[in-house]
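Have a look at the structure below before the remarks.
Number of protein chains: 2
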Amino acid sequence: MSQVSPDAIERLLSRRGYRLTAPRRNLLEVMAGLGDHFVAEGIVSAAPEVGRATVFRTLRLLQDLGVVCQVVLDDGTLAYRLAPEEHHHHVLCVECGAAEDFSSPALESVLREVEESTGFTVEAHRLELYGRCSVCRASDH
Amino acid sequence: MSQVSPDAIERLLSRRGYRLTAPRRNLLEVMAGLGDHFVAEGIVSAAPEVGRATVFRTLRLLQDLGVVCQVVLDDGTLAYRLAPEEHHHHVLCVECGAAEDFSSPALESVLREVEESTGFTVEAHRLELYGRCSVCRASDH
DNA sequence: GACTCTAACGAGACTACGTGTCAATAGCAA
DNA sequence: TTGCTATTGACACGTAGTCTCGTTAGAGTC
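In the order they appear, the protein sequences are chains A and B. According to numbering that gives the first Met the number 0, the first sequence is numbered sequentially starting from 0. According to numbering that gives the first Met the number 0, the second sequence is numbered sequentially starting from 0.
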């Protein structure tokens with residue numbers, strides 16, 4: 000629910016020395032309007048006046064800046080989400096598509112456990128949870 | 000390390016009423032030979048005599064049968080792995096590509112924790128770990 | 001071994017998603 | 001206002017996977 004505002008992202012861009020162009024402002028508005036999470040193609044069609052390449056370039060830039068993060072949906076497709084900078088994971092509702100962030104200190108101990116049993120050093124990970132949100136559970140019994 | 004043998008998979012196929020065709024045998028051999036994990040395109044080029052569509056059809060069939068599972072690599076590309084039927088996760092070496100399976104009971108408590116804090120019911124999840132295996136850590140430096 | 005039914009196949013066109021190139025444009029600092 | 005250059009759009013290209021459809025070949029039956 001707590002989304003990063005387009006304004007805050009614009010300030011971040013200029014602070015980092017990136018230009019504040021019309022297409023970028025445009026895309027930020029569109030993303031904010033697309034809700035919880037969005038796929039690249041959704042942005043492309045929601046902002047037809049912005050070139051295809053620019054959409055993907057901007058998406059990558061925002062990812063590098065840490066204001067947008069990847070979300071792997073349960074069918075394997077890749078989506079994106081405006082998100083806090085700290086490391087976190089997602090719970091996705093398979094029914095309505097709602098997404099929520101969470102971070103789990105307990106996961107750290109799972110990683111340590113795996114390191115011990117496999118001999119690997121774990122340097123990165125992906126975790127996505129899929130289920131049903133409280134609203135959907137309540138509505139269709 | 001403990002891979003399912005092509006023979007065992009062939010038996011499973013016929014037991015389930017699927018035909019034991021030459022392309023299927025062929026693909027099973029190829030997959031077993033490609034090592035830890037493999038991408039679809041790798042199979043296509045390693046088995047040029049088998050049609051592209053057949054490779055993907057077979058891959059999906061094997062997934063449905065539970066003898067092949069998806070692996071999301073750290074760069075986001077999708078790979079596959081011959082794997083045990085039980086639910087498990089992967090640790091991938093980003094250097095040599097080695098993969099190992101693990102299952103973690105402790106992860107269950109992470110899921111319960113998230114359910115409580117978010118109000119979601121978690122029905123499925125993906126977890127992939129990326130790091131370096133003991134061999135790679137020992138060899139370079 | 002021959003017959004038959006139909007699952008499975010191969011070829012190749014097609015779609016979806018993403019990248020690379022390059023000349024034109026427009027931020028923004030001076 | 002000017003000039004530098006980051007950024008853009010158009011479009012060709014690449015890659016990953018799907019669909020269609022006429023043909024082939026498992027495998028059960030006689």
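Virtual Cβ for every residue (Gly too), placed ideally from N, Cα, C. Note that the coordinates shown come from a computational prediction; the quantities given were computed from them, not determined experimentally.
- Of all residues in the region 101–120 of chain A, those with a C-beta nearer than 9 Å to a C-beta of chain B are Phe101, Ser103, Ala105, Leu106, Ser108, Val109, Leu110, Glu112, Val113, Glu114, Ser116, Thr117, Gly118, Phe119 and Thr120, reading in chain order.
- What B:Glu122 touches in chain A, judged by beta-carbon distance under 8 Å, is Val93, Tyr129, Gly130 and Arg131, going in chain order.
- Residue pairing by DSSP puts A:Tyr129 in a beta bridge opposite A:Leu91 and B:Ala123.
- Excluding five sequence positions before and after A:Phe101, the CB atoms of its chain that fall closer than 7 Å to its own CB belong to His87, His88 and Val90, given in chain order.
- B:Val43 is a Cβ neighbour of B:Val54, given a cutoff of 8 Å.
- Under the three-state reduction of DSSP output, B:Leu81 falls in the strand class.
- Residues of the region 69–97 of chain B with a C-beta less than 9 Å from any C-beta of chain A: Gln69, Val71, Asp73, Gly75, Leu77, His88, Val90, Leu91, Cys92, Val93 and Ala97, listed in chain order.
- Interface flag for A:Arg56 against chain B is unset, since no Cβ pair is found closer than 8 Å.
- At least one C-beta of chain A is nearer than 8 Å to the C-beta of B:Glu99.
- Across the set A:Tyr129, A:Glu112 and A:Arg111, the C-alpha of A:Tyr129 shows the shortest separation from the C-alpha of B:Arg111.
- In the displayed model, B:Asp63 falls within a helix according to three-state DSSP.
- Put simply, the backbone Cα of A:Glu84 is about 27 Å away from that of B:Glu94.
- Secondary structure note for B:Asp100: its beta strand (DSSP E) is the uninterrupted segment Ala98 to Phe101.
- In terms of Cβ geometry, A:Pro5 and A:Ala21 do not form a close pair [threshold 8 Å].
- Looking at the DSSP output, A:Phe37 shares a beta bridge with A:Tyr79.
- In the structure shown, B:Val134 adopts helical secondary structure according to DSSP, grouped into three states.
- Counted as a single uninterrupted DSSP element, the alpha helix (DSSP H) harbouring A:Leu11 occupies residues Pro5 to Arg14.
- The alpha-carbon of A:Arg23 is positioned some 29 Å away from that of A:Asp73.
- A distance below 7 Å between beta-carbons, with the five flanking residues on each side excluded, links B:Cys135 to the following residues of its chain, in chain order: Cys92, Glu94 and Cys95.
- The alpha-carbon of B:Val38 is positioned some 21 Å away from that of A:Gln69.
- A residue is called buried once 16 or more other Cβ atoms fall within 10 Å of its Cβ, and A:Leu27 is buried on that count.
- Proximity of B:Leu126 to chain A, defined by a Cβ-Cβ separation below 8 Å, is satisfied.
- By the Cβ-count criterion, B:Tyr17 is exposed, with fewer than 16 other Cβ atoms from all chains shown falling within 10 Å of its own Cβ.
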